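Number of protein chains: 2
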Amino acid sequence: MEYRLRKITQPVSLMETSIESIRDAIISGQLPLGSKLSEQRLADTLGVSRSPVRDALAALQSEGLVIVSPKRGSFVFTPDLKEVDDLCEHRCILEVASVCRALSENKELLIKEMSGAVAKMRTAIKSEDPSSYTKADMSFHNTMIQCGGNRSIAASYRRTIGPLMALRAHLFTVMNSTIYRSMEEHTALLDACEKEKLAVVKTTIEQHARHLVDAYRSSL
Amino acid sequence: MEYRLRKITQPVSLMETSIESIRDAIISGQLPLGSKLSEQRLADTLGVSRSPVRDALAALQSEGLVIVSPKRGSFVFTPDLKEVDDLCEHRCILEVASVCRALSENKELLIKEMSGAVAKMRTAIKSEDPSSYTKADMSFHNTMIQCGGNRSIAASYRRTIGPLMALRAHLFTVMNSTIYRSMEEHTALLDACEKEKLAVVKTTIEQHARHLVDAYRSSL
DNA sequence: ACGCATAAACTACCATGTAACATGGTAGAG
DNA sequence: CTCTACCATGTTACATGGTAGTTTATGCGT
Numbered sequence: 001m002e003y004r005l006r007k008i009t010q011p012v013s014l015m016e017t018s019i020e021s022i023r024d025a026i027i028s029g030q031l032p033l034g035s036k037l038s039e040q041r042l043a044d045t046l047g048v049s050r051s052p053v054r055d056a057l058a059a060l061q062s063e064g065l066v067i068v069s070p071k072r073g074s075f076v077f078t079p080d081l082k083e084v085d086d087l088c089e090h091r092c093i094l095e096v097a098s099v100c101r102a103l104s105e106n107k108e109l110l111i112k113e114m115s116g117a118v119a120k121m122r123t124a125i126k127s128e129d130p131s132s133y134t135k136a137d138m139s140f141h142n143t144m145i146q147c148g149g150n151r152s153i154a155a156s157y158r159r160t161i162g163p164l165m166a167l168r169a170h171l172f173t174v175m176n177s178t179i180y181r182s183m184e185e186h187t188a189l190l191d192a193c194e195k196e197k198l199a200v201v202k203t204t205i206e207q208h209a210r211h212l213v214d215a216y217r218s219s220l
Numbered sequence: 221m222e223y224r225l226r227k228i229t230q231p232v233s234l235m236e237t238s239i240e241s242i243r244d245a246i247i248s249g250q251l252p253l254g255s256k257l258s259e260q261r262l263a264d265t266l267g268v269s270r271s272p273v274r275d276a277l278a279a280l281q282s283e284g285l286v287i288v289s290p291k292r293g294s295f296v297f298t299p300d301l302k303e304v305d306d307l308c309e310h311r312c313i314l315e316v317a318s319v320c321r322a323l324s325e326n327k328e329l330l331i332k333e334m335s336g337a338v339a340k341m342r343t344a345i346k347s348e349d350p351s352s353y354t355k356a357d358m359s360f361h362n363t364m365i366q367c368g369g370n371r372s373i374a375a376s377y378r379r380t381i382g383p384l385m386a387l388r389a390h391l392f393t394v395m396n397s398t399i400y401r402s403m404e405e406h407t408a409l410l411d412a413c414e415k416e417k418l419a420v421v422k423t424t425i426e427q428h429a430r431h432l433v434d435a436y437r438s439s440l
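These protein sequence lines map, in sequence, to chains G and D.
For the first sequence, the working numbering begins at 1 and goes up steadily by one.
For the second sequence, the working numbering begins at 221 and goes up steadily by one.
Next comes the structure, spelled out in structure tokens:
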């Protein structure tokens, strides 16, 4: 007999939900860069005590989304150009390495997932849904990392991509005008992967990342 | 008017001290892999309350040295072979990328610092001081990362190298027999950097990292 | 002796209290 | 007007107690 009962979802800790909440608020741009984050105010807003909020802020600090200044307060990160550049270079390195490994060990899955993400991006553009496009974009890049099969790199990528996603949201008006170029680069990257042209893969990824730096520079 | 007063160094937070303490105990092998870490016991041992210990364990979890299992307890990490392999591959990628950038932008400093570390290693071997050798080894590798000049990569490297250092300590009896080979590889790497033979740099770093995986595999 | 239920011990999670520290404004002395 | 000390306020670092979930020990019946 099979019971039609929903599996009991183990109650996630308040700290986890706090992390999600605050991270989403930062990445979505709801909390502006550099804005102050008071433990007490966040706790009141989220309806929990200061402890899980405090733990969450510490975790988000290790993700680079928050900087806590001892005895002074916590703030949403505010990168300078050098930091954005560093983040993008780091991201490129991880993506290129992962894709290379994925192509040699997991090519079918990689192509399949990338194609799916590209399709979703296409429909998002046709229906003019920037939010869907962003989601598909993130899953496209996550696919490259996941198919690489290296958990250490995947964990590092998660901790590195947060600030870039937040920046992307904050620069969205700028990025929006370049959405077609972004689309083209994704398809070019998929094509290069299918044909296993590693050099093209590398330059395409680097080009793709450079545009975020350019956008940030021009926004200053 | 100039006051002849020494600037007051603000006392480091208890959390920082706790992190250092616990990390050192893990990396030095004082706390065996997989051993249980009770907040209460650590707090009693360190003479502080549970709060800074809790914060420290959370931070060490993000470094990969500790895993906390909700409501069950915290434990020193216990990697399987795949994880060690992933860590080493990740490390190689970061080191190779950093050295390439360092060679093109900061070569003099890189060579100078690497030479210094190699010299220290040499004297450590002559005086049969494994502890000094390990320190010099770590500063050798840190130099490669620091001279790369990418802070994002440096932060990621810090979070990745911890478990490998701990493993190294736990495998020390095995590693000890290969200390001469390790020494040779470091000098070979320095030589390749001086001559800017990037391909040699890459293969040497990969070879160097592989030995840790091999040592761990043979210890199972 | 063995399986099972129950209790006890242990754990981290969370709430809250306290005190030290940082900062900005303001009144008073010069 | 300027400079200084004081004070009010806001913030975190840390301590501590309660609670709920997990593991281990224990006792009981078979």
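We put the CB at the ideal spot given by N, CA and C, even for glycine.
Source: prediction; values computed, not measured.
Within this structure, are the beta carbons of residue i and residue j separated by less than 8 Å?
{"i": "Ala356/D", "j": "Ala375/D", "result": "no"}
{"i": "Val245/G", "j": "Asp85/G", "result": "Summary: the structure shown does not reach residue 245/G, with chain G confined to residues 1 through 220, and so no result is reported for it."}
{"i": "Pro272/D", "j": "Ser238/D", "result": "yes"}
{"i": "Phe297/D", "j": "Pro383/D", "result": "yes"}
{"i": "Ala119/G", "j": "Phe140/G", "result": "no"}
{"i": "Ile365/D", "j": "Tyr377/D", "result": "yes"}
{"i": "Glu325/D", "j": "Gly293/D", "result": "no"}
{"i": "Ala245/D", "j": "Leu251/D", "result": "yes"}
{"i": "Val421/D", "j": "Val316/D", "result": "yes"}
{"i": "Ser219/G", "j": "Leu171/G", "result": "yes"}
Would you call residue i buried or exposed, if buried means 16 or more other Cβ atoms sit within 10 Å of its Cβ?
{"i": "Asp55/G", "result": "buried"}
{"i": "Glu108/G", "result": "exposed"}
{"i": "Leu37/G", "result": "buried"}
{"i": "Leu42/G", "result": "buried"}
{"i": "Tyr436/D", "result": "buried"}
{"i": "Ser318/D", "result": "buried"}
{"i": "Ser152/G", "result": "buried"}
Got a sec? Which residues, its chain only, sit under 7 Å from residue i by beta carbon, not counting five neighbours each side?
{"i": "Ala209/G", "result": "Cys88, Arg91, Cys92"}
{"i": "Cys320/D", "result": "Leu418"}
{"i": "Ser248/D", "result": "Ala389"}
{"i": "Ser21/G", "result": "Leu46"}
{"i": "Glu196/G", "result": "Leu103"}
In chain order, what residues of the same chain have a beta carbon less than 8 Å from the beta carbon of residue i, not counting five sequence neighbours either side?
{"i": "Arg23/G", "result": "Leu60, Glu63, Leu65, Gly162"}
{"i": "Thr204/G", "result": "Glu185, Ala188, Leu189, Ala192"}
{"i": "Ala58/G", "result": "Val68"}
{"i": "Ser402/D", "result": "Asp357, Met395, His428, His431"}
{"i": "Ser35/G", "result": "Phe75, Val76"}
{"i": "Thr363/D", "result": "Leu330, Glu333, Met334, Ala337"}
{"i": "Thr380/D", "result": "Gly284, Leu307, His310, Arg311, Leu314"}
{"i": "Gln260/D", "result": "Arg270"}
For residue i, go through chain G and note every residue whose CB falls closer than 8 Å to its CB, in chain order.
{"i": "His310/D", "result": "Asn150, Ser152, Ile153, Ser156"}
{"i": "Ala279/D", "result": "Ala58, Ser62"}
Determine the chain D residues that contact residue i at a beta-carbon separation under 8 Å, and present them in chain order.
{"i": "Glu83/G", "result": "Arg371, Ser372"}
{"i": "Thr78/G", "result": "Those do not exist, as Thr78/G stays about 14 Å from chain D at its closest Cβ, beyond 8 Å."}
{"i": "Thr160/G", "result": "Ser372, Ser376"}
{"i": "Leu87/G", "result": "Ser372"}
Since residue i meets chain D, which of its residues come closer than 7 Å, beta carbon to beta carbon?
{"i": "Ile93/G", "result": "Ile313, Ala317"}
Which partner residues of residue i appear in the DSSP bridge assignment?
{"i": "Leu257/D", "result": "Ser294/D"}
{"i": "Ser289/D", "result": "Gly293/D"}
Quick one: residues in its chain with C-beta nearer than 6 Å to the C-beta of residue i, no 5 flanking neighbours on either side, listed in chain order?
{"i": "Met165/G", "result": "Ile27"}
In chain D, which residues lie less than 9 Å from residue i when you measure between Cβ atoms?
{"i": "Asp223/G", "result": "Missing from the structure shown is residue 223/G; chain G here goes from 1 to 220 and no further."}
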